[in-house]
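One structure below.
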Ligand code: F6R
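In our numbering, the protein residues as written are 10 to 621.
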C-alpha cells in the first residue's frame, strides 16, 4: 500500500525524498507529496494527484523547496478519491504539523466529528487528516509534541505507519507504527524512515525494524526509539544484504521482465544453502521431528498468488505427508472457524510479510495455540517476526506489482519443506527422496531452458493479445497453476480471464466457449494428462483456440488437439509446476506489452496490501 520516506540529515532533503519515493512507488501510485522544514523553520508542502513524475515536474517548475529534513508519501487511495487534497502529507490547522500515513484508522469518523465540534475544519476526505488534526489538538493542549503523539496513538484504532514533522522542532522527525511496516535507516549523512528497505539501499544498509507501539525520534545526529510506556529502547541493528542494483531495472524495459529473468538465480539462492551432500537441511526447523509428532493437519494460508502457491502445496504436501492439508484464503480463514489448536500447523506464505489478512490469520492461529511457520521474502517483516519458524525465500527485492520470482521461490521452498518433513517422518523412501533432491538442484538450469524460448511466448502473445476473454484449464496442480496464469493475465493486461478445473468446465462455464475463444490448457501433470485431453477436445469441438502447455511425456498426445503447443523440460512431477508457471508469466507479460499496459504499476493495484 502507501509508501513512506523520511530524512533528517545534513544534505538537501528533497532529492533524497524523491529518490526514496521513486523506489517506493510500486506500493501505491495515485498521488504523491513531500513536506520539508526550511532552515528558517517554515513547513513547506507540495503534493499532487498522479504519478510521482507529476510531483517532480511541479517541484521543477515552481519555487524549489529547501531544507535538510522532510517526509514523503506515495499513495494508494483508501479514504477519498485520488486528488491533490487527499494526497499526503496532511497538515494540521495551525500549519505547523505535517503527517504521512500508511494504513487505515478505523475510528476516524468518530474522532473527526468530535474535533469538528471543537471547531476543527477538515479539507480532505482522508482518515489521515484526522491524525494530524488530533495531534494539533493535543499539542496545543500540552505543548509537548512527543506527549501529544502518544495521546494520539492511544486514541486512534487501526493500522498505521506514521511520519510526523513539526516546524517547532525543525530538526526532528517523529515516527510510529502499528500493524504497518516502518523501518529506520542509519546513514552517514543522516537518518531515515521508510516503508521498506528498497528506498534506503542507495544510502544505507543498516536498519532497525520498528515494532508495534514504538515511537522514534530522528535527528541528523541520532535516533531514539521508545516503547509504548515511553521507555528508551536499545534496538538491534540489521544489515540488509540486497545491493542497489537489485532494486533497479538494469536495462530491462520493466521490473516484471527483469524479475522473470532472475528466476533461475533466485531459485538457486533459495535452495543452495538448504541442500548439502544430497540432503535437505532446514536449519530453521531443527525440531521438525518433534513438531510433526504433534501435528494432525496443516493449513496453508495466504492471499493472491501466494495462495496459489498454497494450492500447489496442498496437493504436494498431502501426498508427501499423508495428513490433511487445506489451502485457505487469508481473508476468509479467520472468519471460517478453522480447526486450530496444538495439532494444527499453520503455514503462512507472504512475499512482503506485511499483508494484513495474512498477518491477522497468523495471529488468530497463534491465539488458538497453533504453531506458525512462515515463508517470507522480506527480512524482518511483521509476519516473519511473529512466526514460530521462518523460511526466507531469498528472492531479492520484488518491485513489479505482479509477483513472479517471489511466487516461484515460495513454491520451491514449500515443496522443499514438504520433502524435508516427509524425510524427517520417514514417509518418503530413500530412492524417491534422492531423485527429488537431485531435481531440485537442476531447477535453475531447467528454468533457464524455458526462458531461452522467450521469443516463442512473445510471438504467441502477439497473436492473441486482442482476445477479450481467456480461459485456463487444468487438473490437480495444473489447475492451481491456471489460477496463477489467469491472475497474471488479468492484473497486468486487464483481459477478463478465468481458471477452471478442467473437469468442472462442463458443469456450466462451457456455455461461454464459442468459436475463437482462447483456452490455455495446462497438461503438464502427466498422471492426469489424458483426462485433460478429453476436456481439450470438448472445448475444441465448440470452436475454441487452444494453447497447450505440456512436457515431452505428453506432447504428442496433447499436441494433436491444440492450435499451439509449448513443450517444457521434464522434472519430477512434484516440481513440474515450478517450470509450468514460467510460460504463463511470459505470456501475460507480452500480452500486456502488446496492449500498451503499464506493466509494473497496473491500475487499481499496489504491492503489499496492508488493508483488510
Ligand atoms: C499478484 C500478487 C498478489 C500477492 C498477494 C499477497 O501478482 O502479487 O496476489 O501475491 O497480494 O502478497 P504477499 O505475498 O506480499 O502477502
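Note that beta-carbon positions come from the ideal geometry of N, C-alpha and C, so glycine has one too.
Hey, quick one: how far does the beta strand (DSSP E) through residue i stretch, first residue to last?
| i | result |
| --- | --- |
| residue 53 | 52-58 |
| residue 367 | No beta strand (DSSP E) holds residue 367; the alpha helix (DSSP H) holding it covers 365-376. |
| residue 338 | 334-338 |
| residue 17 | 12-18 |
| residue 186 | 182-187 |
| residue 175 | 167-175 |
| residue 359 | 353-359 |
| residue 192 | 192-195 |
| residue 42 | 40-46 |
| residue 398 | 398-401 |
| residue 227 | 224-227 |
Contact defined as beta carbons within less than 8 Å: I believe residue i pairs with residue j. What is the distance between those atoms, to the nearest angstrom?
| i | j | result |
| --- | --- | --- |
| residue 436 | residue 330 | 6 Å |
| residue 601 | residue 608 | 5 Å |
| residue 406 | residue 255 | 5 Å |
| residue 400 | residue 382 | 7 Å |
| residue 334 | residue 307 | 4 Å |
| residue 227 | residue 272 | Not a contact, Cβ separation roughly 38 Å. |
| residue 620 | residue 312 | The pair is not a contact, with the Cβ atoms about 12 Å apart (cut-off 8 Å). |
| residue 98 | residue 58 | Actually they are not in contact, since the Cβ atoms of residue 98 and residue 58 sit about 14 Å apart, beyond 8 Å. |
| residue 322 | residue 336 | 7 Å |
| residue 410 | residue 35 | 6 Å |
| residue 74 | residue 55 | 6 Å |
| residue 292 | residue 398 | Not a contact, Cβ separation roughly 11 Å. |
| residue 570 | residue 549 | 6 Å |
| residue 160 | residue 86 | In fact, because the Cβ distance is near 28 Å, the residues do not count as touching under 8 Å. |
| residue 501 | residue 538 | In fact, because the Cβ distance is near 29 Å, the residues do not count as touching under 8 Å. |
| residue 96 | residue 22 | So it is not a contact: roughly 18 Å between Cβ atoms. |
| residue 270 | residue 460 | 6 Å |
| residue 427 | residue 315 | Between residue 315 and residue 427 the Cβ distance is about 16 Å, and since that is not below 8 Å, they are no contact. |
Check for me: the alpha helix (DSSP H) holding residue i runs from which residue to which?
| i | result |
| --- | --- |
| residue 317 | 313-330 |
| residue 280 | 272-281 |
| residue 208 | It is not in any alpha helix (DSSP H) - residue 208 carries neither H nor E in the DSSP assignment. |
| residue 215 | Unbroken run through residue 215 is the beta strand (DSSP E), 215-218; no alpha helix (DSSP H). |
| residue 235 | Segment 232-235 is the beta strand (DSSP E) holding residue 235; no alpha helix (DSSP H) there. |
| residue 652 | Since the first residue of the chain shown is 10 and the last is 621, residue 652 is not available in this structure. |
| residue 449 | 439-460 |
| residue 84 | Not the alpha helix (DSSP H): residue 84 falls in the beta strand (DSSP E), residues 78-84. |
| residue 66 | 61-70 |
| residue 25 | 22-33 |
| residue 427 | 414-433 |
| residue 394 | 391-395 |
| residue 301 | 297-302 |
Along the chain, which unbroken stretches of the beta strand (DSSP E) at least 3 residues long are found entirely within the segment 463-520? For the segment 463-520, the continuous beta strand (DSSP E) assignments of 3+ residues that do not extend past its boundaries occur at 478-483, 505-510, in sequence order.
Are there three or more Cβ pairs, one per stretch, closer than 8 Å when the segment 582-591 is compared with the segment 477-492? Under the Cβ criterion (8 Å, minimum of three pairs), the segment 582-591 counts as touching the segment 477-492.
Counting Cβ pairs closer than 8 Å, one from the segment 44-55 and one from the segment 227-235, do we hit at least three? The segment 44-55 vs the segment 227-235: no contact.
If you scan the segment 86-157 from start to end, which runs of the alpha helix (DSSP H) of 4 or more residues do you find wholly inside it? Segments of the alpha helix (DSSP H) lying fully in the segment 86-157: 117-126, 137-151.
Report the residue ranges of all beta strand (DSSP E) runs contained in full by the segment 522-590; include only those spanning at least 3 residues, in chain order. Listed in chain order, the complete beta strand (DSSP E) runs (minimum 3 residues) inside the segment 522-590 are 527-532, 554-560, 573-577.
Taking contact to mean at least 3 C-beta pairs separated by less than 8 Å, is the segment 478-486 in contact with the segment 566-578? Contact between the segment 478-486 and the segment 566-578 is absent, because fewer than three Cβ pairs lie under 8 Å.
Does the pairing of the segment 439-448 with the segment 464-472 give three or more beta-carbon distances under 8 Å? Touching, no, given that fewer than three Cβ pairs across the two stretches are closer than 8 Å.
Mind the definition here: the segment 209-217 touches the segment 184-198 only if three or more C-beta pairs lie below 8 Å; say whether that holds. Yes: the two stretches touch, three or more of their Cβ pairs being nearer than 8 Å.
Does the segment 458-467 come close enough to the segment 517-532 to have 3 or more Cβ pairs within less than 8 Å? In this structure the segment 458-467 does not touch the segment 517-532; the number of beta carbon pairs closer than 8 Å is below three.
Report yes or no: do the segment 63-82 and the segment 18-37 share at least 3 C-beta pairs separated by less than 8 Å? Touching, yes.
Are the segment 506-514 and the segment 550-559 touching, with three or more C-beta to C-beta distances below 8 Å? No, the segment 506-514 is not in contact with the segment 550-559.
Per the contact definition of three or more C-beta pairs closer than 8 Å, is the segment 98-109 in contact with the segment 164-172? Yes: at least three Cβ pairs fall under 8 Å.
On the three-pair Cβ rule with 8 Å, is the segment 152-162 touching the segment 125-136? When Cβ pairs closer than 8 Å are counted between the two stretches, the segment 152-162 is seen not to touch the segment 125-136, the count staying below three.
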